[in-house]
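Protein chains: 2
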Amino acid sequence: MLTDRERETLAYIADHVANRGYAPKLREIAEHLGIRSRGTVHRYLRALQAAGHIRISRGRARGIELLHAEDPDVAPGHTLPLLGRIAAGHPIEAIPGEDEVDLSQFFVDVNRFVLRVQGESMIEDGIMDGDMVVVERRAVADDGDIVVALVDSDEATLKRLQRNADGTVTLVPANRAMTPLRYSAERVQIQGVLVAQFRAYR
Amino acid sequence: MLTDRERETLAYIADHVANRGYAPKLREIAEHLGIRSRGTVHRYLRALQAAGHIRISRGRARGIELLHAEDPDVAPGHTLPLLGRIAAGHPIEAIPGEDEVDLSQFFVDVNRFVLRVQGESMIEDGIMDGDMVVVERRAVADDGDIVVALVDSDEATLKRLQRNADGTVTLVPANRAMTPLRYSAERVQIQGVLVAQFRAYR
DNA sequence: CACAAATGTTCTCCTTTTGTTCTCATGGAG
DNA sequence: CTCCATGAGAACAAAAGGAGAACATTTGTG
């Protein structure tokens, strides 16, 4: 069983690998966790290795290999065909062997939940009033992430997170009519990170 | 067998595990129950362990393991909890009996397919370049629908359909930089109607 | 190749948090 | 009245979390 910090460490590594194709450095992990000690991070890595989640190539930079390649405990759901291009002139038809997208796999995971967006603070990023967003529960987030955050334990807002050099954070809306607001780090409590958005018409 | 509070405690633990994949801390349980004493919570846990519902890893943080493994929801289905509001101050938690959204149900149907949007013609409606859209195959559409259409059997475009009094149709982009284009009805071939849109981050 | 910087590894020390075990108090039901 | 479920909270041991020094290797660069 993993501790909170070990879990966050593993999530960050998985995220890093998924997005960039290689593992992070200890220093990057520490920075993501908001701590300064590489030694502490290394302790977490040892625990993760003991639990069978990663393998460490001793001594090597970025020598973390992700094992256990995620047992998808999400049952496969119904799929829709993904059409790359619509053939000119011909009525659209599903081509056998075409790519299929499984919406469940796409969105569902443990530690995620759905929120209905209220307001237009992120409208210039294409997130409209009334849209649904999928949020992954997480206490830490990186610069540039879109987060659900509480300020002074008040109502939750959806904003882009900007980490400033002096340790403060700025919550940046995607709406020219609204101004970015800067806070000391203690006042901002991150509840989760935006992983997807969807909307129904009709 | 169990008292009211023990039952509530067990329900909360089960919910927590189902939604996050790990057990809550005594403090979190206490907060959920509206009490302040971890000692009292611990008494409930002892009772639950004696009744065979959980196993406690002594001393460990989050060291509660659910036994009696619930039958049906072992495989987390295609649903995500829908949270209406985020409780001020408290970490987000799924409220039992909360709404659940089934993503497959939400999007999938026969006669539908997915397209990746190219270009920014509908950007002011929140449909960005690279977004995925779910389209329902249909040859006819109503005034105001967003449609996938071919003009002169040429490349497909995503536009809002406007039916004019004289029988012509206008394809209206949601982008100030682009102009609506008017065609005779024969030149416009409707391939389908937009029913949903989604987008993944990270 | 040689060297400096960066990275990973190990270690000790420390603070905070968590779980655990108590005792005491309260209030309702039988 | 007693029984019992419930809660508060003190006290303590252990776990979790973090800092940082010291060292070994790797990595990158001229």
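Quick note, the sequences are listed as chains A and B, same order. First residue of the first sequence? That's 1 in my numbering, and the numbers climb one at a time after it. First residue of the second sequence? That's 1001 in my numbering, and the numbers climb one at a time after it. Glycine included, C-beta positions come from ideal geometry on N, C-alpha and C.
Annotated as distal: residue 172/A and residue 182/A, with beta-carbon spacing of 7 Å or more. If you keep only unbroken alpha helix (DSSP H) runs of at least 4 residues inside the segment 1084–1161 of chain B, you get 1103–1107. Using a Cβ-Cβ cut-off of 7 Å, residue 173/A does not count as an interface residue toward chain B, since no Cβ of chain B sits closer than that to its own. Using a Cβ-Cβ cut-off of 7 Å, residue 34/A does not count as an interface residue toward chain B, since no Cβ of chain B sits closer than that to its own. Using a CB distance below 9 Å, the part of the segment 186–199 of chain A facing chain B consists of 189, 191, 192, 193, 194, 195, 196, 197, 198 and 199, ordered along the chain. Here residue 32/A really is in contact with residue 12/A; their C-beta atoms are around 5 Å apart, less than 8 Å.
Pairing residue 136/A with residue 1166/B, the inter-Cα distance amounts to about 51 Å. In this structure, DSSP gives residue 2/A a state outside helix and strand, which the three-state scheme calls coil.
Using a Cβ-Cβ cut-off of 7 Å, residue 1024/B does not count as an interface residue toward chain A, since no Cβ of chain A sits closer than that to its own. By the 16-neighbour rule on beta-carbons within 10 angstroms, residue 1179/B is exposed. For residue 1006/B, same chain residues with a beta-carbon under 7 Å away, outside a window of 5 residues either side, are 1044, 1047 and 1048 in chain order. Residue contact check for residue 184/A against chain B: no CB pair falls below 7 Å. For residue 77/A, the residues of chain B that pass the 8 Å Cβ criterion are 1078, 1103, 1104 and 1108, in the order they occur in the chain. Just measuring C-alpha positions, the residue of 169/A, 34/A and 52/A sitting nearest residue 67/A is 52/A. In terms of beta-carbon proximity, residue 1117/B stays away from the interface with chain A, with every pair separated by 7 Å or more. The C-alpha of residue 28/A is placed about 47 Å away from the C-alpha of residue 1192/B. Here the C-alpha atom of residue 82/A lies approximately 20 Å from the C-alpha atom of residue 1078/B. In chain A, no part has a C-beta under 7 Å from the C-beta of residue 1138/B; the shortest such distance is about 10 Å.
With contacts defined as CB atoms closer than 7 Å, residue 1195/B and residue 1134/B qualify as a contacting pair. Among the residues facing chain B, residue 144/A is not included, as its CB has no counterpart in that chain under 7 Å away.
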